[in-house]
Amino acid sequence: MEKKSILIVAAHPDDETFGCGGAILLHTGEGHKCSILALTCSNDERREEFKKAMNLLRANELVVLNHKKIFFNHGLVDQVSDFIVKVKPDIVVTHIPWDYHREHRLTYRVVKEALEWSAHSTKYRDPWNPTRLLLMEVNTLIPSPQIILDVSNVFEKKMEVIYCYSSQLKKFPDDYYVKFSRVKAELRGVQGGCKYGEAFYEETLTKNSPFFSVKSSKNLFN
Ligand SMILES: [Zn+2]
């Protein structure tokens with residue numbers, strides 16, 4: 056099987072696990088490459104938790120940018136588009152634009168802009184245009200997901216990875232994050248006809264500006 060590459064751009068270390076930890080485990084288990092780019096990190100404890108989690112997820116490449124907060128500006132867009140061009144992912148996964156968390160919404164905007172620029176032949180000698188953009192659900196649900204991934208075989212392992220983020224889990228009483236993660240996976244499992252699922256919303260990528268190296272298709276299947 057041809058090996059592919061997935062890049063997850065998360066606002067904070069832990070979003071990648073809550074949103075698509077099952078997808079990461081499934082694909083790294085099949086030998087595909089998964090890279091994670093976390094835009095912020097507030098302290099060393101979270102950085103350590105992230106490293107531990109990434110070890111369990113078997114992520115190939117992880118980068119934490121040292122931003123304390125996310126601002127939609129050229130500097131951050133450039134950092135993300137540079138990373139896209141470096142990693143050359145087939146699929147990019149990030150946050151949904153209607154997430155309740157402002158920094159998740161800003162991450163979506165930054166990624167959308169970065170995807171435009173990463174494909175421009177005027178900006179990069181070796182531009183890159185991923186095939187798919189998928190949006191994950193962290194704490195805000197997707198009303199009508201287009202994709203439900205069956206993560207039943209890796210779900211308990213995903214829960215193990217969630218426990219790496221103890222600083223975040225203890226923020227709320229009554230095991231909120233643990234319960235929410237399990238119930239969310241069960242809900243998506245019911246919808247997907249499997250035990251546990253992860254939902255994604257797919258956004259079609261544009262490639263019609265004059266700066267793109269590939270501007271047209273040879274047939275309607277690609
Ligand atoms: Zn977050």
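Residue numbers for the sequence shown follow the working numbering, so the first one is 56 and each next one is one higher. Where is the CB? At the ideal position from N, CA and C, for every residue including glycine. Every value quoted in this text rests on a predicted model; they were computed, and no experiment measured them.
Glu-116 has Ser-90 as its beta-bridge partners, per DSSP. Annotated three-state conformation of Phe-138 is helix, per DSSP. Relative to the non-hydrogen atoms of ligand 1, the Cβ of Ala-66 comes within a distance shorter than 7 Å of at least one. Under the criterion of beta carbons closer than 8 Å, Thr-72 and Ile-217 qualify as touching, at roughly 6 Å. Between ligand 1 and Val-193, a heavy atom-to-CB distance of less than 7 Å is present. Per DSSP, His-67 lies in no beta strand (DSSP E) and is assigned neither H nor E. DSSP lists Met-191 and Ile-202 as the beta-bridge partner residues of Phe-255. Going by beta carbons, Pro-185 and Tyr-256 fall outside the 8 Å limit.
Distance check between Glu-57 and each of Ile-79, Ser-236, Gly-86 and Tyr-179 places Gly-86 closest, using alpha-carbon atoms only. In this structure, the straight-line span from the alpha carbon of Val-132 to that of Asp-145 is close to 19 Å.
With a cut-off of 7 Å, the C-beta of Asp-145 is classified as distant from ligand 1, since no heavy atom of the ligand falls inside that distance. Here the distance from the Cβ of His-122 to the nearest heavy atom of ligand 1 is not below 7 Å.
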